[in-house]
Each structure stands twice: as C-alpha cells, then as structure tokens.
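If you read the sequence shown in the numbering used here, its first letter stands for residue 559, the second for the next number, and so on.
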Amino acid sequence: MAYQVSSGLLRKIPGGESTGPADEDVFTNLRVMRGGSFQEDWTILRLSNRAFLAGPNPSAQMTDEAYYGDSSAKIGFRCAANP
559 MAYQVSSGLL
569 RKIPGGESTG
579 PADEDVFTNL
589 RVMRGGSFQE
599 DWTILRLSNR
609 AFLAGPNPSA
619 QMTDEAYYGD
629 SSAKIGFRCA
639 ANP
C-alpha cells in the first residue's frame, strides 16, 4: 500500500539553524506517495518507490474535482505513535 509522507523538507542555512520548507513548497497541493501496491508491477512494489498525487486544492471551488484532489484504491495511510 502506498501512503502519503510529509511534503516539506528541512533546509540548512550556512551557519544557522534549520529552517522549514520554502513557502512555494508549503502551498502546493501535490502530495508525496511512498511505497507501492500489490496491484502494481513488481518494480513499483518497494518501500523506496516515490511518486506524487494531487491533494486537495483549497483555492478551487467546492464543485470542482480539484477541490477534493485525486484518489485511488491503491493509496492508504499508516498510523504510528511514539512509545
């Protein structure tokens, strides 16, 4: 099963602290998907596989399909917690 991971990466600035993702990365509606599905080809069925999918677009009208983003039966989510 593929699942969404964080879309923002930390950047290092010379001689300073880590900063958050760039503004243009924060306000995009693309979502990174990691992993694969048993419904895919064997070359895609691996944890290191990366792809992207359009997520919800808040600037679209509620009647537009883009407002809800793309979906697929091959995409799920994983719950995790720190002990």
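In this text, a Cβ means the ideal position worked out from N, Cα and C, and glycines have one as well.
(request) With DSSP collapsed to three states, give me the class of A624. (result) A624 falls in the helix class under three-state DSSP.
(message) At a threshold of 6 Å, does N640 count as lining the ligand PLP (C-beta to nearest heavy atom)?
(response) Here there are no bound small molecules, and the ligand PLP is not part of this structure.
(message) Alpha carbons only, please: which of N615, N640, L605 and R636 is nearest the one belonging to D628?
(response) N615
(message) Tell me which residue opens and which closes the beta strand (DSSP E) that L611 is part of.
(response) DSSP places L611 inside the beta strand (DSSP E), whose first and last residues are R608 to A612.
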